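Protein chains in written order, with the numbering used here: chain U, 771 to 1355; chain L, 371 to 599.
No residue lacks a Cβ here, since even glycine has one placed at the ideal position from N, Cα and C.
The structure displayed is predicted, hence computed values, not measured ones.
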């Protein structure tokens, strides 16, 4: 806590000064310039407008923006800069008007700045510092690492600037901070070479399509070309103004393609570049079955080898292979740390596999499939780690291990080593299809059949109970059947001219139709039972019935019988009577 | 029930395959056993098919054939041992089964559906029929009904286990790519070994979405076989 409290504070309470300028302030027509606005305030506290009110013909294009903290002896002073790139179209003077920006909640006026486009700028005017962003290849594949450089040349007077907080901006790219290094060296400029500050790093595009990237960094300097205005209005120059200039490069467009899927080889883990394999090294030989051994594999090549993913171990019968672990890099030398050089030269990575031979039958380590994509050849290249001949001897086991491995009687069967069986003597249990029976279309119907049967039984039981509770229903039904049966019989007798049979059938029909009304057995009914019911139906019905009953009773019980032939003529009336009786049922 | 003609030709193919296997012509034996299994799937035929395919180096297809043999006849000990042997040799895992799927492996798949149906309707009948037929309900009626309900409830999970186990399949091609999307150009998520188990989630065109114990992705249907096609 005391360490935390002893750190210098960040100064945010001082008078906020805005500086606006064109760099350089004098240019020829068609030359590029930078409009730069700086504040001694934190970037997060500045509400920067989306669009500036600037002369349209200058074509302002937003460039880099950033913040740097400058230690003034007591506190950290923030310094935030916004850059815009433009190109002067014609001779004349162009003014970027003043405007207000909110900083720390208070308005701060950014002063106006003037750009003069002349045919011959003053000789004493220093040239604008230019940051160069070198990308050797712009047609890349997604995942292909490429070394990039950010260059800042020395001034004509030979002053060699330094760059701080160099960063590569752009969406869809990954910048490897661990691979960055800086140096001072000669760079070619035109016909000659100049000394320059060189910042190198590795950039890897992750997205496909067109990607735009640019570099920016802070250069120590004191280039101000405009009036300075503070939050309290124009005042005396402050002595401890920031000395940093934000420089940014022209954007570079990358064309990133996806890796082709066709032709992908086994063991491809994302390596893109050109690689070679050193012969794999086995830590020991001969080996003993069951004991571990390390297999070291070194891959060399260009690209970011440090981020190479080891190929997956294969699954083989006689070996147990564990996934590789990358070999740690040796500790950095003090000189390397001072000069910020990487501790080892980029370009090699070593993977260590742990192998266990399972049987003495193994004669070589398993080959490990590995491949990479060569962007120059635009094809996948096989780099399978070859098998290493080994000799595997039986492993020695301690006494305790031998005891543990001794099979007991009970587990002897279960621990028997499985082997391929012989052929089955016959086809065995067969089926029409492998699909389970519940998936076949007829199965639901078969399951519904019992349901339908139970529903039918239940319905039948309900009907039976209903009939039991309403016996007259059955009686009437029986009477209707009997009536119709006798009706058919009397018609047959009438057609045959059999008058006695006709009369008997007519009487039986009337008895059957009247039986439910009493209720009684139909044959037990006599004319005196039937006639009152017929009288209710129609006027002449009783008379017709009386004549039939008279004849049949006389034929049955009389000494001389009776002539029934006259009854045949009464068939129409009889039919009407029977219809009335049936309707009543 | 298979047609008699199909059974006769399946038997002839079985004999042909057996003869070819004994002569060492494993590919011809595999063809004959495969045709026999196509006409009339049988446990012994599928076991022999797996043997012929294993001898021919087709690890994935052999595992599928043995799994199908067990699918029809869980009592086929030889097929079970062959699977243990093949998985140990090829270093692939057996599919992870849920408890209901494990229960469903105790009996042939068709038995569970019949057991479920018969027990259910037996229980329903023992409850309803005495009343319908106007018989006095006896204790044994209720005992049989209770037994039927118990068997039904115990067989329902196995019934569902058969249904979910039917989605299990195996990779038949060595180093088959498992892709992010069902297209040829899609990113390869993993390379699957022959015989590796997976569950089929759904199919789309020539691809199937499968879930292994490592990832979920798309694989060409030619490189993947379900136990229950």
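Spatial distance of residue i from residue j (CA atoms)
i: residue 992 (chain U); j: residue 1014 (chain U); result: Any reading at residue 992 (chain U) must be qualified, since the residue scores a pLDDT of 49, below 50, and its modelled position is unreliable; no value is offered.
i: residue 1350 (chain U); j: residue 509 (chain L); result: 56 Å
i: residue 1123 (chain U); j: residue 1154 (chain U); result: 14 Å
i: residue 980 (chain U); j: residue 556 (chain L); result: 20 Å
i: residue 1395 (chain U); j: residue 933 (chain U); result: In the structure as shown, chain U begins at 771 and stops at 1355. Residue 1395 (chain U) is therefore absent and cannot be evaluated.
i: residue 802 (chain U); j: residue 900 (chain U); result: 10 Å
i: residue 1376 (chain U); j: residue 502 (chain L); result: Summary: the structure shown does not reach residue 1376 (chain U), with chain U confined to residues 771 through 1355, and so no result is reported for it.
i: residue 521 (chain L); j: residue 1234 (chain U); result: 34 Å
i: residue 892 (chain U); j: residue 986 (chain U); result: 28 Å
i: residue 462 (chain L); j: residue 569 (chain L); result: 15 Å
i: residue 532 (chain L); j: residue 572 (chain L); result: 17 Å
i: residue 1348 (chain U); j: residue 1337 (chain U); result: 15 Å
i: residue 464 (chain L); j: residue 477 (chain L); result: 19 Å
i: residue 579 (chain L); j: residue 422 (chain L); result: 29 Å
i: residue 1111 (chain U); j: residue 871 (chain U); result: For residue 1111 (chain U), the predicted model reports a pLDDT of 45, less than 50, meaning its position is unreliable; a value from the coordinates is still stated below. Those two C-alpha atoms are separated by around 42 Å.
i: residue 324 (chain L); j: residue 405 (chain L); result: What the structure shows of chain L is the stretch from 371 to 599, and residue 324 (chain L) is not part of that stretch, so it cannot be assessed.
i: residue 1236 (chain U); j: residue 1247 (chain U); result: 14 Å
i: residue 1067 (chain U); j: residue 833 (chain U); result: 46 Å
i: residue 730 (chain U); j: residue 937 (chain U); result: Coverage of chain U is limited to positions 771 through 1355, which leaves residue 730 (chain U) absent and any answer about it impossible.
i: residue 1148 (chain U); j: residue 943 (chain U); result: 21 Å
i: residue 1129 (chain U); j: residue 915 (chain U); result: 42 Å
i: residue 1245 (chain U); j: residue 1320 (chain U); result: 27 Å
i: residue 456 (chain L); j: residue 409 (chain L); result: 26 Å
i: residue 947 (chain U); j: residue 917 (chain U); result: 12 Å
i: residue 800 (chain U); j: residue 883 (chain U); result: 19 Å
i: residue 511 (chain L); j: residue 490 (chain L); result: 14 Å
i: residue 960 (chain U); j: residue 587 (chain L); result: 55 Å
i: residue 1225 (chain U); j: residue 500 (chain L); result: 15 Å
i: residue 1012 (chain U); j: residue 1045 (chain U); result: Note that residue 1012 (chain U) scores a pLDDT of 47, beneath 50, so its modelled location is shaky and nothing firm can be said.
i: residue 780 (chain U); j: residue 584 (chain L); result: 50 Å
i: residue 550 (chain L); j: residue 1150 (chain U); result: 20 Å
i: residue 400 (chain L); j: residue 1222 (chain U); result: 47 Å
Enclosing beta strand (DSSP E) for residue i [first to last residue]
i: residue 1034 (chain U); result: Note, residue 1034 (chain U): premise wrong, no beta strand (DSSP E); not H, not E.
i: residue 1284 (chain U); result: Here residue 1284 (chain U) belongs to no beta strand (DSSP E); instead the alpha helix (DSSP H) covers 1269–1284.
i: residue 876 (chain U); result: 876–880
i: residue 853 (chain U); result: 846–857
i: residue 970 (chain U); result: 962–975
i: residue 923 (chain U); result: 916–923
Residues that DSSP places opposite residue i in a beta bridge
i: residue 1144 (chain U); result: U:1149
i: residue 1348 (chain U); result: Answer is none; residue 1348 (chain U) lacks a bridge partner.
i: residue 1089 (chain U); result: U:1127
i: residue 939 (chain U); result: U:984
i: residue 1039 (chain U); result: DSSP output for residue 1039 (chain U) lists no bridge partner at all.
i: residue 909 (chain U); result: U:1025
i: residue 884 (chain U); result: U:865
i: residue 1358 (chain U); result: This structure gives no information on residue 1358 (chain U), because the portion of chain U shown stretches from 771 to 1355.
i: residue 1119 (chain U); result: U:1069
i: residue 384 (chain L); result: Its beta-bridge partners do not exist; DSSP assigns none.
i: residue 505 (chain L); result: In the DSSP output, where bridge partners are listed per residue, residue 505 (chain L) has none listed.
Bounding residues of the alpha helix (DSSP H) (the contiguous stretch that carries residue i)
i: residue 396 (chain L); result: 396–409
i: residue 1217 (chain U); result: 1212–1239
i: residue 1318 (chain U); result: 1311–1327
i: residue 459 (chain L); result: 447–460
i: residue 595 (chain L); result: Here residue 595 (chain L) belongs to no alpha helix (DSSP H); instead the beta strand (DSSP E) covers 594–596.
| message | Count Cβ pairs between the stretch 943–957 of chain U and the stretch 966–979 of chain U that sit closer than 8 Å; are there 3 or more? | response | The stretch 943–957 of chain U vs the stretch 966–979 of chain U: in contact.
| message | Quick check: the stretch 438–451 of chain L against the stretch 1229–1238 of chain U, are at least 3 beta-carbon pairs closer than 8 Å? | response | The stretch 1229–1238 of chain U is not in contact with the stretch 438–451 of chain L.
| request: Pick out the complete beta strand (DSSP E) segments inside the stretch 507–588 of chain L, 3 residues or longer, and give them in chain order. | output: You should have 538–541, 546–549, 558–562, 567–574 and 577–581.
| field | Three or more C-beta pairs below 8 Å linking the stretch 1252–1264 of chain U and the stretch 1334–1349 of chain U | value | Judged by Cβ distances under 8 Å, the stretch 1252–1264 of chain U makes contact with the stretch 1334–1349 of chain U, as three or more pairs qualify.
| message | Across the stretch 850–861 of chain U and the stretch 792–811 of chain U, are there enough close Cβ pairs to call them in contact, namely three or more that are closer than 8 Å? | response | Yes: the two stretches touch, three or more of their Cβ pairs being nearer than 8 Å.
| task | Name, going along the chain, the residues of the stretch 394–416 of chain L whose beta-carbon falls closer than 8 Å to a beta-carbon of chain C. | result | Note that chain C does not occur in the displayed structure, where the protein chains are U and L.
| query | Do the stretch 788–798 of chain U and the stretch 839–848 of chain U make contact, defined as three or more Cβ pairs closer than 8 Å? | reply | The stretch 788–798 of chain U makes no contact with the stretch 839–848 of chain U, as fewer than three CB pairs between them are under 8 Å.
| request: Tell me the start and end of each unbroken beta strand (DSSP E) in the stretch 797–841 of chain U that is at least 3 residues and wholly inside, in chain order. | output: As far as the stretch 797–841 of chain U is concerned, its whole beta strand (DSSP E) runs of at least 3 residues are 802–809 and 831–841.
| request: State whether the stretch 544–562 of chain L contacts the stretch 1021–1039 of chain U, with contact taken as three or more CB pairs (one from each stretch) at a distance under 8 Å. | output: Short answer: they touch.
| said: Does the contact criterion of 3 or more C-beta pairs under 8 Å hold for the stretch 1195–1212 of chain U versus the stretch 477–493 of chain L? | reply: Contact holds: three or more Cβ-Cβ distances are below 8 Å.
| task | Tell me, please, whether the stretch 1123–1143 of chain U touches the stretch 1036–1048 of chain U by the rule of three or more beta-carbon pairs shorter than 8 Å. | result | When C-beta atoms of the stretch 1123–1143 of chain U are compared with those of the stretch 1036–1048 of chain U, three or more pairs fall below 8 Å, so the two segments count as touching.
| task | Determine, using beta-carbon pairs with one atom in the stretch 1186–1203 of chain U and one in the stretch 410–417 of chain L, whether at least three such pairs fall under 8 Å. | result | Contact holds between the stretch 1186–1203 of chain U and the stretch 410–417 of chain L, because three or more Cβ pairs, one in each stretch, are under 8 Å apart.
| query | Three or more C-beta pairs closer than 8 Å, one from the stretch 538–545 of chain L and one from the stretch 581–598 of chain L: is that the case here? | reply | Because the criterion of three Cβ pairs below 8 Å is met, the stretch 538–545 of chain L and the stretch 581–598 of chain L touch.
| request: Tell me, please, whether the stretch 1052–1060 of chain U touches the stretch 1091–1098 of chain U by the rule of three or more beta-carbon pairs shorter than 8 Å. | output: They do not touch, by the three-pair rule.
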